[in-house]
Amino acid sequence: MSYLDLTGRLAKYLEAEAAVLKSQEYTIGQGQSARRLRRADLAEIRAEIKSLQDQIDNCVDNPNRVKRRGVFYLRPY
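Be aware that the sequence shown starts at 1, since it is given in full-length UniProt numbering, and climbs by one per residue.
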């Protein structure tokens, strides 16, 4: 995936995390017609956020990526 795709997905997961933190479960309606809805599991959302952050850090087209330099030792024969 590209850097922009990953950051877009990360933003949506952060919104989902905020929604779950605000209220995990809510009820629509009253009486017999009331419906109870439960949001996604917070642990799963946080695991995906961590995964996406790792993918962004390692993404080739990430403008903030730290480029690592390798050290090579040469021995004459």
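For every residue, glycine included, the Cβ atom is placed at its ideal position computed from N, Cα and C.
**OP:** List the DSSP bridge partners of Thr27.
**Re:** Arg36
Subject >> Where Asp61 sits in the DSSP three-state scheme >> reply: coil
Subject >> Cβ separation of residue 105 and Ile49, assumed to be a contact under 8 Å, to the nearest whole Å >> reply: Outside the displayed range of the chain (1 to 77) lies residue 105, so it cannot be described from this structure.
**OP:** Please look up how many angstroms separate the CB atoms of Arg38 and Glu17, rounded, as I've assumed it's under 8 Å.
**Re:** Arg38 to Glu17, Cβ: 15 Å. No contact.
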